[in-house]
Amino acid sequence: MQIHEMTLEEHPFLTGIAAQHHALLMGCAQSATFTPGSYLFHEGEPANAFYLLLKGKVMLEVSTSKQAALPIETIEAGEVLGWSWLFTPYRWHFSARAIEPVQASVLDAACLRAKCEEDHTFGYTVVTKIASILMQRLQATRLQLLDLYQ
Amino acid sequence: MLPRLYHILHRQKELANTFTFILEPCDNATAPAFASGQFNMLYIFGIGEIPLSISGDPTHTDLLIHTVRSVGNVSQATCALKPQDIVGIRGPFGNPWPIEQARGKDLLLIAGGLGLAPLRPVMYQILAQREQYRNVTLLYGARTPEDILYRKECESWRAHLDLDIAITVDRAPTTWRGSIGVVTRLIPRAHFEPQNTIAFICGPEIMMRFSATELEKQGIATEAIYVSMERNMKCAIGFCGHCQYGSAFICKDGPVLPYSHVRNLFFLREI
Numbered sequence: 001m002q003i004h005e006m007t008l009e010e011h012p013f014l015t016g017i018a019a020q021h022h023a024l025l026m027g028c029a030q031s032a033t034f035t036p037g038s039y040l041f042h043e044g045e046p047a048n049a050f051y052l053l054l055k056g057k058v059m060l061e062v063s064t065s066k067q068a069a070l071p072i073e074t075i076e077a078g079e080v081l082g083w084s085w086l087f088t089p090y091r092w093h094f095s096a097r098a099i100e101p102v103q104a105s106v107l108d109a110a111c112l113r114a115k116c117e118e119d120h121t122f123g124y125t126v127v128t129k130i131a132s133i134l135m136q137r138l139q140a141t142r143l144q145l146l147d148l149y150q
Numbered sequence: 151m152l153p154r155l156y157h158i159l160h161r162q163k164e165l166a167n168t169f170t171f172i173l174e175p176c177d178n179a180t181a182p183a184f185a186s187g188q189f190n191m192l193y194i195f196g197i198g199e200i201p202l203s204i205s206g207d208p209t210h211t212d213l214l215i216h217t218v219r220s221v222g223n224v225s226q227a228t229c230a231l232k233p234q235d236i237v238g239i240r241g242p243f244g245n246p247w248p249i250e251q252a253r254g255k256d257l258l259l260i261a262g263g264l265g266l267a268p269l270r271p272v273m274y275q276i277l278a279q280r281e282q283y284r285n286v287t288l289l290y291g292a293r294t295p296e297d298i299l300y301r302k303e304c305e306s307w308r309a310h311l312d313l314d315i316a317i318t319v320d321r322a323p324t325t326w327r328g329s330i331g332v333v334t335r336l337i338p339r340a341h342f343e344p345q346n347t348i349a350f351i352c353g354p355e356i357m358m359r360f361s362a363t364e365l366e367k368q369g370i371a372t373e374a375i376y377v378s379m380e381r382n383m384k385c386a387i388g389f390c391g392h393c394q395y396g397s398a399f400i401c402k403d404g405p406v407l408p409y410s411h412v413r414n415l416f417f418l419r420e421i
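First to last, the protein sequences are chains A and B. Residues 1 to 150 (my numbering) make up the first sequence, in order. Residues 151 to 421 (my numbering) make up the second sequence, in order.
Take a look at the structure:
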C-alpha cells in the first residue's frame, strides 16, 4: 500500500485532543529518524519513550533462546509504538526494529509521566487514548491466535 | 438441473493443499457467462458435489477457472484431478458482488486466506474498467508468506500505480519484510472516503465480522458492506434448504449478501 508520510499534526493519536493537552504532549516530543535494520529499543531496556510513527514500518520482535528474534507484529505510519513507558517497571517487553526508513515523533516518557501526574485531566486523556489502542491490539492478537486461515 | 461435462485443461498448484483448475466444456461450446462472486456446483462422479466459487475473469468466459482447497472428500478428490479428467458442472449460481454500485466510488476489497478466490474476478473486472472507480484497495490477510494465494498476481497488481494492495500475514520468519498482523489492522491504514466507499469482504466468518465492525468504526455505512457467505449446499437453487441462513438461502440469495442482512445473524450460535 502507498503509505503517505504524515505530519505530526495529522497523526491519528492527536485527533480529539484539546489544544492545551496537545501543547503538553508537544513539550515532551522531539523528531527522530531510524534507518532500516536499526533498533528503536530492545526488550528489557528502560522504556523511556513513546513513539508516534509518521513514516515507515517497525517490526516488533521477541527473543527466544533457540533462534533469532521472532517477529510478532508490524507497526506502521499513523500508529503508536510502545506503552511499557506507562506501566511499572517501565521496561520494554519487546524489541522494535525499523524495517523501512522510519520517521517518528518521540515523546520522552519521564516528561509525559510527570505531566500526567501534574494534570490529571491530561493524564486521563493520555491513558484512555492508550487504553483504546491496547484494546484494539488485544482484539487483533486474539484474532491472530485463532489461526483462521488453516 | 443436469451437470454439463467439462474436462480439466490445466492444473496449477497454488499452495500445499490448494490448486487452480482451468476447465473446458467437453462439447466445445463456450462456458456460460458468469458474474463476479457467483459459484458452480462441481460434481466428481461417484464421490459427490461441492460448491466452488468461480475465480476466473468474467470478461473472458471461454474457460472456466476454479481454485480448490483440499479439506473434505470431494475437494480432496477434486485436487487430485489431472488434465483430461472429466467432471460435471452445474451453474453459475447465486447473487454476485454488486460491482455496479461501486462505480464512481472508492472500492475496498478485504480477503482472508482462500477468500481471495471469489474476489479475484472483481479485480479482473476493475482492471478492465479502472477509470470507472475511484480508489481501489485490496487488503489481504494470509496465514504465512508461503500461504499467500495468487502470489505472482498479487505482485503484479501491486505494480499498478492506481491500485493500493496491502498484504499481511499472521506469522512470518525474520526474513519477511511485509506486514505482520491480522487483516483488520490494515483497515485504518487504508485510504478511502468512508461516505463514498463500498466494501466487499470474503474470508472466514469471524474475520468478516471483525472486518465489518472495523469498517463501521471507520465510518462506512453498514449498507455499503457486502460479505460472501459459505454454507453446505446441495441443490444450489433454493429448494432443498441445506444452506438456509436465517431467512436467506445462501445458494439463491447469496453467496454475496449485504452485511446489513446478516449482521445480527453473525452473533447467533449454531445457525
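Where is the CB? At the ideal position from N, CA and C, for every residue including glycine.
Taking 9 Å as the upper bound on Cβ-Cβ separation, chain B lies near residues A68, A69, L70, P71, I72, E73, T74, I75, E76, A77, G78, E79 of the stretch 68-97 of chain A.
With a beta-carbon spacing of about 6 Å, I194/B and T228/B fall inside the 8 Å limit used to define contacts. E43/A and H93/A do touch by the CB rule: their CB atoms are close to 6 Å apart, below 8 Å.
Judged by their CB atoms, R154/B and G238/B are nearer to each other than the 8 Å cut-off. S105/A has S31/A, L52/A as its beta-bridge partners, per DSSP. Note on geometry: alpha-carbon atoms of W85/A and H160/B lie some 57 Å from one another. Listed in chain order, the non-local C-beta contacts of P408/B below 7 Å within the same chain comprise E373, Y376, local neighbours out to five positions each way being set aside.
DSSP, reduced to helix, strand and coil, places H157/B within a strand of the structure shown. Looking at the backbone, the Cα of R137/A and that of A316/B are separated by about 19 Å. Remark: fewer than three beta-carbon pairs, one from each stretch, lie closer than 8 Å, so the stretch 201-210 of chain B and the stretch 99-119 of chain A are not flagged as touching. For the stretch 294-324 of chain B, the beta-carbon criterion of a distance under 7 Å to any beta-carbon of chain A is satisfied by D297, D314, I315, A316, D320, A322, T324. For K367/B, the uninterrupted alpha helix (DSSP H) segment begins and ends at 355-367.
Restricted to the stretch 76-140 of chain A, the beta strand (DSSP E) segments that are unbroken, complete and at least 3 residues in length are 95-98, 102-108, listed in chain order. In this structure T318/B is in contact with I330/B, their Cβ atoms being roughly 7 Å apart against a cut-off of 8 Å. In terms of Cα proximity to S95/A, the closest of L145/A, A69/A, V106/A is A69/A. Taking 8 Å as the Cβ-Cβ cut-off, the stretch 352-378 of chain B approaches chain A at G353, P354, I356, M357, F360, given in chain order. Under the 10 Å beta carbon count, Y300/B is surrounded by 16 or more other beta carbons and is classified as buried.
In the DSSP assignment, R219/B falls outside any alpha helix (DSSP H) and within the unbroken beta strand (DSSP E) covering 214-219.
In this structure, A349/B is the residue among G369/B, A349/B, T168/B with its C-alpha nearest to the C-alpha of L257/B.
Taken in chain order, the unbroken stretches of beta strand (DSSP E) that lie wholly in the stretch 186-265 of chain B and span 3 residues or more are 189-194, 198-203, 214-219, 236-243, 256-262.
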